[in-house]
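**Q** First residue of the sequence shown: 171, per my numbering; consecutive thereafter.
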Amino acid sequence: MEVEQLKSLIKDSLAKSVSYEDYTRLIEQLVVEEKTTGPKQNEDLVYYTKLNAQRSRRLNKTVNLPENIAQQIKEIDQPQTWLVLTESWCGDAAQSLPLLHKLADVNTNITFRLVLRDENDQLMDQFLTRGGRSIPKLIILNEALDVLGTWGPRPVDAQTLYDSWRNDPNKPPYKEFQVEMQKWYLKDRGQSTFAEVSKVLATGQLVEEV
171 MEVEQLKSLI
181 KDSLAKSVSY
191 EDYTRLIEQL
201 VVEEKTTGPK
211 QNEDLVYYTK
221 LNAQRSRRLN
231 KTVNLPENIA
241 QQIKEIDQPQ
251 TWLVLTESWC
261 GDAAQSLPLL
271 HKLADVNTNI
281 TFRLVLRDEN
291 DQLMDQFLTR
301 GGRSIPKLII
311 LNEALDVLGT
321 WGPRPVDAQT
331 LYDSWRNDPN
341 KPPYKEFQVE
351 MQKWYLKDRG
361 QSTFAEVSKV
371 LATGQLVEEV
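1) Classify Ile280 as helix, strand or coil using the three-state DSSP reduction.
2) Are the CB atoms of Asn290 and Gly261 within a distance shorter than 8 Å?
3) I'd like to confirm the pairing. Which residues does DSSP put opposite Gln348 in its beta bridges?
4) Pick out whichever of Leu255, Asp192, Gly208 has its Cα sitting closest to the Cα of Trp321.
5) Please list, in chain order, all residues of the same chain as Gln265 whose beta carbon is under 6 Å from its beta carbon, the five residues on each side excluded.
6) With distances taken between CB atoms, is the gap from Asn212 to Ile243 smaller than 8 Å?
7) Take the Cβ of Ala274 as the centre, count every other Cβ of all protein chains shown within 10 Å, and call the residue buried at 16 or more, exposed below.
8) Who are Val285's beta bridge partners in DSSP?
9) Buried or exposed: Gln250, going by 16 or more other Cβ atoms within 10 Å of its Cβ?
10) Using only the alpha-carbon positions, how far apart do Met171 and Asn340 sit?
11) Report the CB separation of Leu253 from Ile309 in whole angstroms; it is logged as a contact under 8 Å.
12) With respect to the alpha helix (DSSP H) encompassing Gly261, which residues constitute its N-terminal and C-terminal limits?
13) 8 Å is my cut-off, CB to CB: does Gln296 come that close to chain B?
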């Protein structure tokens, strides 16, 4: 896709985007209504939306941003928009969005916005991971809507854990694997996400291919 076409897509998605606070309120309302985002409404997705809301609440209260990374963010002296593609049922999004918001909140030059993947499929298709619509996907933009870098859907080590499960011919059910992934996130305490986004800001890309 040509650069101007991509910018047009980004602009259209930004027009539909919401703040982190509004997104959080949306998720809480969905929990009350026993619903989820996206066109599919089923018991599993509703369950994950409820579980993710609980995890996000905890992270919003407990996450601590490393001082060296906070200082790096504070030194951004030009306007940026951090646009994230997400959905309420996505477990990795629940683990990452509070951290990304914490990073963006350090500097008033950064505008943090969120859009739903399934309502922005054309944009999502420009930021695939290994050919898949994996989320969350952070897109870092300058004032002219040039893409400065991207991150997602999960930290490199978490991706390795996911790949091991996915490629295991005798893999356990996804719900069982999710327990192991949650243990990884709890042990990591957001440090990998912070470090990798810091690297993206410094270089425009991760050294590792995820």
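Don't be surprised by glycine CBs; every beta carbon is placed ideally from N, CA and C.
Predicted model, so just to flag it, every value in this text is computed and none were measured.
**A** Taking the coordinates as given:
1) On the sequence shown, position 110 is the one that residue 280 refers to. The DSSP-derived three-state label of Ile280 is strand.
2) Here residue 261 corresponds to residue number 91 of the sequence shown, with the count starting at 1. Here residue 290 corresponds to residue number 120 of the sequence shown, with the count starting at 1. No, the Cβ-Cβ distance between Gly261 and Asn290 is not below 8 Å.
3) Sequence index remark: in the sequence shown, residue 348 carries index 178 (1-based). Partner(s): none; Gln348 has no beta bridge.
4) Counted from its first residue, the sequence shown places residue 321 at position 151. When each option's Cα is compared against that of Trp321, the closest is Leu255.
5) Numbered from 1 along the sequence shown, position 95 holds the residue referred to as residue 265. Around Gln265: Tyr355.
6) Within the sequence shown, residue 212 is the residue found at index 42, counting from 1. Within the sequence shown, residue 243 is the residue found at index 73, counting from 1. Against a cut-off of 8 Å, the Cβ pair of Ile243 and Asn212 comes out as no contact.
7) The residue given as residue 274 occupies position 104 in the sequence shown. Buried is the call here.
8) If you number the sequence shown from 1, residue 285 lands on position 115. According to DSSP, which records beta bridges pairwise, Val285 is partnered with Leu255.
9) Locating residue 250 in the sequence shown gives position 80, where the first residue counts as 1. So Gln250 ends up on the buried side.
10) Within the sequence shown, residue 171 is the residue found at index 1, counting from 1. Within the sequence shown, residue 340 is the residue found at index 170, counting from 1. Cα-Cα distance, rounded: 39 Å.
11) Here residue 253 is taken as the residue at index 83 of the sequence shown, counted from 1. Here residue 309 is taken as the residue at index 139 of the sequence shown, counted from 1. Right, their Cβ atoms sit about 5 Å apart.
12) To locate residue 261, count along the sequence shown from 1; it is residue 91. 261 to 274 is the extent of the alpha helix (DSSP H) around Gly261.
13) Given the protein chain composition of this structure (a single chain), no chain B is represented.
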